[in-house]
Every structure is written in C-alpha cells, then in structure tokens.
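Undergrad: Protein chains in written order, with my numbering: chain A, 7 to 118; chain B, 7 to 118. Note that CB positions come from ideal geometry on N, CA and C, so glycine has one too.
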DNA sequence: AAGTAAATTAACTATGAATCTAAATATACA
DNA sequence: TGTATATTTAGATTCATAGTTAATTTACTT
C-alpha cells in the first residue's frame, strides 16, 4: 500500500485531513490529542488517520498504549512530484523561477 | 466559486481528472476529443470537466458550437501554495533548495 | 426550413465516504 | 486480578461521487 499516488491525492481531498496535517506539522500527537482539536468523534478521526497513513502522509509509532502520529513527507513528495510536471505550463515569471530552482538543485548536488 | 482550495483538491482526487489535465497540457481539446481518450461516455467526461473547472484547473472558451477546454494553472497554484507550507518539514537538502527559491523570488520581484 | 453534429442537462443507479453509537482490544497500574 | 485509560473495530446511516441512458439545447450545413 506504499507510495500510491491515488491514495495520497484522495487523502488530501478532505479538509479535516488537511487540517490534521497542519496540526501534526506543529507537533506529533496521539489520536486523543488530535480529536480534541475537532468537533468529531475519535472513531471518525481514526478513519481519517487510516486514510492519511495509506497515503503516506503520516506515520505512527507505538508507545505503550499510546500511538503517536507524526507527519510523513513521502506522500507530500509524491504529490509535488506529480504537480511538478505542470511547472512548464505556468507563466513566464514562474518559468524563470523554475529555471533558478533547477540551477540551484545542480549546485546542491555538486556540494553533496 | 473562484479559487476554492477545497474544489481544487477534490478535483485532483480522481485519476480520470488527473489524466484529463495531462492530455490538456499537450493541447487544448473539445469534450469530444477528450472523450476519445477514455472508455467512458461524454456525459461522464462532462461531469469531470465541470469539477475541474470549479477547481480552476481548466478554463473553457466557446467557439461556435464547440467548447475548447484548456489547462488553467490557477488551481494548480492554489494546491502548490498550500503544499509549500510543508516545505519546511522536508529534509535538509530540500530546505536549502527552498531557501534558494525564496532568494530567487526576491530577485525576480526586484526586476519587475 | 430541415437535418445533423456538438454539447449540455436530467433522471437514475450503484458504490464509496464521512460520520455516529456502541462494543471490543490492549496496555498500565493499584 | 481487577479497573481505568487509550485506541481500534463493527455496524448503521446519510450524503456524495462516478457512471449510465435518454432527452434537450445550440449552432452549423445544405
């Protein structure tokens, strides 16, 4: 179920799930802590977390009886990779920016 | 209905709609031409086009009895803007890249 | 004006998604 | 061992989505 572009896009298509990601970007959280931030049952949040996990947008580690959810960038990378195909169709100004990025990427590669 | 982030994310959540965007990136097309590329009725494609339009991912211009659909980058920009918030959580290498982008953005703004 | 071609809309069906309540698991600790 | 805490799962409900066929509008063509 790893790195499925469809799962990643589906996961981002719900506003609650996008908000969860924003919260997790601030700090990793248990499902109880996440649920506190929403007007929704824990069971509902759990389903959202499952969907986020299947989109490689979060990862979960077990600590005793708690499960700690944290942001996982792999899914975000999948999405931006897909989107990057369209960069060539953006406006001139952005095209310039993209060229600059590409050049800088080369520089960075040389450094490492 | 303009520039609704939710509509843009929803629109990208369907694989057929993402494929339509890829086709439109090659050339603008009528609904008939798009339909030829898929194993699906024109009515179904029309619904997808409506959803893409409401996500500002395509725009439509009328030419006689034809409607020409073409890629509209505004929705893509909305998505990448949202995603860019998470750039700070990616790995070091990418962080460096982001800094480079920001610097170049400033340069470009100075120029214009 | 009549006929044809392109596109849209309407009405329906089947499946999936988001939510709830309630029950079941699993771990911690007194 | 028993109870409290954290999480997960099951089942039901409601609404949304993706698709179909059939009917309707709009604009060319002869």
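Looking only at DSSP bridge pairs, what is residue 72 (chain B) linked to?
TA: Counting from one through the second chain, the residue named residue 72 (chain B) turns up at place 66. The partner list for residue 72 (chain B) (beta bridge, DSSP) reads B:69.
Undergrad: CA-CA distance, residue 40 (chain A) and residue 32 (chain A)?
TA: The sequence position of residue 40 (chain A) within the first chain is 34, counting from 1. The sequence position of residue 32 (chain A) within the first chain is 26, counting from 1. So the two alpha carbons sit approximately 12 angstroms from each other.
Undergrad: Contact criterion: CB-CB distance below 7 angstroms. Does residue 67 (chain B) meet it with respect to chain A?
TA: Along the second chain, one-based indexing puts residue 67 (chain B) at 61. No - not a single Cβ of chain A is within 7 angstroms of the one on residue 67 (chain B).
Undergrad: Does the CB of residue 12 (chain B) have a neighbour CB from chain A at under 7 angstroms?
TA: Locating residue 12 (chain B) in the second chain gives position 6, counting from the first residue. Closer than 7 angstroms: yes.
Undergrad: Out of B:61, B:57, B:49, state which residue places its alpha-carbon closest to the alpha-carbon of residue 10 (chain B).
TA: Reading the second chain from its first residue, position 4 is the one you call residue 10 (chain B). With distances taken between Cα atoms, residue 10 (chain B) lies closest to B:61.
Undergrad: In chain order, which continuous runs of the alpha helix (DSSP H) of length 4 or greater are located wholly inside the region 20–61 of chain A?
TA: Complete alpha helix (DSSP H) runs here, min 4: 21–32, 37–42, 48–60.
Undergrad: Can you tell me where the alpha helix (DSSP H) holding residue 80 (chain A) begins and where it ends?
TA: Walking along the first chain from the start, residue 80 (chain A) turns up at place 74. Counting along the chain, the alpha helix (DSSP H) containing residue 80 (chain A) begins and ends at 79–90.
Undergrad: Using Cβ-Cβ distances below 8 angstroms, what residues of the region 25–58 of chain B are close to chain A?
TA: Within the region 25–58 of chain B, the qualifying residues are 27, 28, 31.
Undergrad: Contact between the region 39–54 of chain B and the region 47–67 of chain A is defined here as three or more beta-carbon pairs at a separation below 8 angstroms; is this criterion met?
TA: Output reads no: the region 47–67 of chain A does not touch the region 39–54 of chain B.
Undergrad: Find the residues of chain B that neighbour residue 85 (chain A), judging by a C-beta separation of less than 7 angstroms, and give them in chain order.
TA: To locate residue 85 (chain A), count along the first chain from 1; it is residue 79. Within chain B, the residues near residue 85 (chain A) are 89.
Undergrad: Would you say residue 79 (chain A) lies against chain B (beta-carbon separation less than 7 angstroms)?
TA: Your numbering for residue 79 (chain A) matches position 73 in the first chain. Yes, because at least one Cβ of chain B sits closer than 7 angstroms to the Cβ of residue 79 (chain A).
Undergrad: From this set, B:63, B:34, B:36, which residue's C-alpha is nearest residue 20 (chain B)'s C-alpha?
TA: Walking along the second chain from the start, residue 20 (chain B) turns up at place 14. Selected option, being the one with the closest Cα: B:63.
Undergrad: Apart from the five residues on each side of it in sequence, which residues of its chain come closer than 7 angstroms, Cβ to Cβ, to residue 76 (chain B)?
TA: One-based indexing of the second chain puts residue 76 (chain B) at position 70. Excluding sequence neighbours, residue 76 (chain B) sits near 30, 34, 64, 65.
Undergrad: What are the partner residues of residue 11 (chain B), as DSSP defines its beta bridges?
TA: In the second chain, the residue the question calls residue 11 (chain B) occupies position 5. Beta-bridge pairing links residue 11 (chain B) to no other residue.
Undergrad: Taking Cβ positions, are residue 96 (chain B) and residue 86 (chain A) nearer each other than 7 angstroms?
TA: Residue 96 (chain B) sits at position 90 when you count from the first residue of the second chain. Residue 86 (chain A) sits at position 80 when you count from the first residue of the first chain. No, Cβ-Cβ distance for residue 96 (chain B) and residue 86 (chain A) is not below 7 angstroms.
Undergrad: Within 7 angstroms (strictly less), CB to CB, does residue 18 (chain A) reach chain B?
TA: For this step, residue 18 (chain A) is matched to residue 12 along the first chain. Judged by the 7 angstroms Cβ criterion, residue 18 (chain A) is in contact with chain B.
Undergrad: Checking contacts by CB at 7 angstroms: is residue 82 (chain A) closer than that to chain B?
TA: Position 76 of the first chain holds residue 82 (chain A). Yes, contact with chain B.
Undergrad: Assign residue 23 (chain B) to one of two classes, buried (16 or more other C-beta atoms within 10 Å of its C-beta) or exposed (fewer than that).
TA: Within the second chain, numbered from 1, the residue matching residue 23 (chain B) stands at position 17. So residue 23 (chain B) counts as buried.
Undergrad: Give the straight-line distance between the Cα atoms of residue 90 (chain B) and residue 83 (chain B), rounded to the nearest whole angstrom.
TA: To locate residue 90 (chain B), count along the second chain from 1; it is residue 84. To locate residue 83 (chain B), count along the second chain from 1; it is residue 77. Going by the C-alpha atoms only, they are around 10 angstroms apart.
Undergrad: What's the gap between the Cα of residue 44 (chain B) and the Cα of residue 36 (chain B)?
TA: To locate residue 44 (chain B), count along the second chain from 1; it is residue 38. To locate residue 36 (chain B), count along the second chain from 1; it is residue 30. Answer to the nearest angstrom: the Cα atoms are 13 angstroms apart.
Undergrad: Considering only residues of the same chain and omitting the five flanking positions on each side of residue 88 (chain A), which have a CB-CB separation below 7 angstroms?
TA: Residue 88 (chain A) sits at position 82 when you count from the first residue of the first chain. Answer for residue 88 (chain A): 11, listed in chain order.
Undergrad: Cβ atoms of residue 18 (chain A) and residue 92 (chain B): under 7 angstroms apart, would you say?
TA: One-based indexing of the second chain puts residue 92 (chain B) at position 86. One-based indexing of the first chain puts residue 18 (chain A) at position 12. No, they are not a contact pair.
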